[in-house]
Amino acid sequence: MSDHEVVALLEPLVRHQAFPSVEAAMRALVRDYVLRQIEQYRERLVLLEKQHGMTFEQFSAYLKERAALVAHGQLDAEQKQRVAQAVMAEEEDWLDWKIAREFLEGWVGVTAEVAV
Amino acid sequence: MNTLASLLGWVVSQLQAWTYVTKVQTLETESFDEHQFHFKVRAQLTPPFILQIRFYYNQGYLDYAYQLFNDGPLLRWDNKEDATDLPTAPHHFHNEQSEIVESPLNGDPVRDGPIVREAVEHFLSKPLSSNP
Chain A
1 MSDHEVVALL EPLVRHQAFP SVEAAMRALV RDYVLRQIEQ YRERLVLLEK QHGMTFEQFS
61 AYLKERAALV AHGQLDAEQK QRVAQAVMAE EEDWLDWKIA REFLEGWVGV TAEVAV
Chain B
1001 MNTLASLLGW VVSQLQAWTY VTKVQTLETE SFDEHQFHFK VRAQLTPPFI LQIRFYYNQG
1061 YLDYAYQLFN DGPLLRWDNK EDATDLPTAP HHFHNEQSEI VESPLNGDPV RDGPIVREAV
1121 EHFLSKPLSS NP
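Protein sequence lines correspond, in order, to chains A and B.
All residue numbers for the first sequence refer to this note's numbering, where the first residue is 1 and numbers rise by one.
All residue numbers for the second sequence refer to this note's numbering, where the first residue is 1001 and numbers rise by one.
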């Protein structure tokens, strides 16, 4: 998209007085987009913390203990199956959590780049 | 295969070419830039079994998880860090005996895909009563 096309795209927003200028419109839209990304990943982190009642670091340590319980714990067959299935589900959450943290870190970095 | 489009396209085409698979769905894709992306794909196998594949690529490092499930998880291969002290760590396998054991996977999807496929086919070929 050329500069001219970008200006043409934003110009109606200026004409309808949503923004005082094309530059102001551009800045606001970029800022809103970045802040929305940050909000989305923060919400995911809050949900995961709430769901598991602990921080990511605590959850990582907890999962390590759970895996050791499956590997070396004195569990009967039924308990072992239940814990093993729970650990698989928890490892899914751990990956969700890791991804959300790293994406959030990336988007927070973008705020500095675009000076929002 | 280190872009979202190339890796996702490859995974979907591999699953679609598998005779056990009746349907492939991409459930999630997200990317921060070309070096950081994640996707989740599910393949419907012989009912009620589903194989889910997740890849999270970040600056050259790939987190992966292949999981077979029905109404609960059955088999899982992944490379979650610090999960075990096995010789193959971080690569490990959650088997059908509810154990966490060494994994033959090494994080290279081209090499790992056929290994997972063979193990899943072996699992599916057993009589239903012997599956959990």
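Glycine included, every Cβ here is placed at the ideal spot set by N, Cα and C.
Quick check on DSSP: helix, strand or coil for residue i?
i                  : result
serine 1013/B      : helix
threonine 1029/B   : strand
glutamate 74/A     : Checking the displayed sequence, the identity of residue 74/A turns out to be glutamine instead of glutamate. Of the three classes helix, strand and coil, the one that applies to glutamine 74/A here is coil, per DSSP.
glutamate 57/A     : helix
phenylalanine 19/A : coil
glutamine 37/A     : helix
glutamine 1036/B   : strand
For residue i, I'd like the list of residues in its chain whose CB is within less than 6 Å of its CB, leaving aside the five on either flank, ordered along the chain.
i                    : result
phenylalanine 1037/B : Leu1004, Ser1031, Tyr1057
histidine 52/A       : Phe59
phenylalanine 1022/B : The displayed chain sequence assigns threonine, not phenylalanine, to residue 1022/B. Closer than 6 Å at Cβ, skipping near neighbours: Gln1044.
valine 1012/B        : Val1024
alanine 71/A         : none
histidine 1035/B     : Gln1059
histidine 1092/B     : Ala1083, Thr1084, Leu1086, Ile1100, Ser1103
So who's on the other strand from residue i, going by DSSP bridges?
i                 : result
tyrosine 1066/B   : Ile1053/B, Trp1077/B
valine 1024/B     : Ala1043/B
histidine 1094/B  : Arg1076/B, Ile1100/B
tyrosine 62/A     : According to DSSP, which records beta bridges pairwise, tyrosine 62/A is partnered with nothing at all.
asparagine 1058/B : Gln1036/B, Tyr1061/B
Looking at the C-beta of residue i, does it have a partner C-beta in chain B at a distance below 8 Å?
i                  : result
tryptophan 94/A    : yes
glutamine 85/A     : yes
glutamate 91/A     : yes
methionine 88/A    : yes
glutamine 51/A     : no
serine 21/A        : no
glutamine 17/A     : no
phenylalanine 56/A : no
Within its chain, find whatever has a CB closer than 8 Å to the CB of residue i; leave out the 5 residues flanking it on each side and keep chain order.
i              : result
proline 1114/B : none
Taking 8 Å as the threshold (beta carbon to beta carbon), is residue i in contact with chain A?
i                    : result
phenylalanine 1055/B : no
glutamine 1025/B     : no
Taking the beta carbon of residue i as the centre, do at least 16 other beta carbons fall within 10 Å, making it buried, or is it exposed?
i                : result
aspartate 96/A   : buried
histidine 1094/B : buried
arginine 36/A    : exposed
leucine 1051/B   : buried
arginine 15/A    : exposed
alanine 1119/B   : buried
Counting only beta-carbon atoms, is residue i nearer than 8 Å to chain C?
i            : result
leucine 10/A : Absent from the structure is chain C; the protein chains it does hold are A and B.
Near residue i, what residues of its chain come up, given a Cβ to Cβ distance below 7 Å and the 5 sequence neighbours on each side ignored?
i                : result
glutamine 1014/B : Gly1113
Mind checking whether the beta-carbon of residue i lies closer than 7 Å to any heavy atom of the ligand ADP?
i                 : result
tryptophan 1010/B : By its list of ligands, the structure shown contains no ligand whatsoever, and the ligand ADP lies outside what it can speak to.
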